[in-house]
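S.K.: Dumping the structure here so I can ask a few things about it.
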Amino acid sequence: MKDLSIPPGPGCPRGLTVPAAELSEQFTHASGPGGQGVNTADSCVQLSLDLATTTALDARQRRRALQNLNERLTGTVLTVTAAEHRSQYRNRMAARERLAGLLRGALASPVARRATKPTRGSQRRRLAAKRRRAEVKTLRRRPPAE
């Protein structure tokens, strides 16, 4: 198995290479299509990476990955499963792509929201809608007694 390469992008400007020795693959029977080899082929792939011990991440990236992937982790191990293909090789590639995508998303810094003011037109439309609604409600009232 080769090293997992993540191209440069948000969160990892110089790209990222996870050594193959740090990735752990397990193979099991996959449910679903498989034809005659469905009970004999171990085509389901579970790819695991321990984020706490990997040398691919620096301290800041490790902290961000552990924080953003907290719901998906078992301890500090990130596990991805792929079983959508009949071929073990294609499932291995799918698992690697999925792991790379998760790491890329976890390492990207959040985009800061810039506060904006509502436009004059939107303010006018909001106030006009409020006036229309108030008028509808006043027309529903009981007429004044004379």
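When we follow full-length UniProt numbering, the leftmost residue of the sequence shown carries the number 1, and every step to the right adds one. Glycine included, each C-beta is placed from N, C-alpha and C at the ideal position.
Quick check on S43: buried or exposed, where buried means 16 or more other Cβ atoms within 10 Å of its Cβ?
M.R.: Buried: at least 16 other Cβ atoms inside 10 Å.
S.K.: Can the beta-carbon of L99 be found closer than 8 angstroms to that of L49?
M.R.: Closer than 8 angstroms, so yes.
S.K.: Along the chain, where does the alpha helix (DSSP H) that runs through E97 open and close?
M.R.: Element bounds for E97: 88-107.
S.K.: How many Å lie between T116 and L47 at the Cα?
M.R.: Cα to Cα, the separation comes out at about 43 angstroms.
S.K.: Checking 8 angstroms against the spacing of the C-beta atoms, do L103 and A65 come in under that value?
M.R.: In this structure, A65 lies closer than 8 angstroms to L103 by Cβ.
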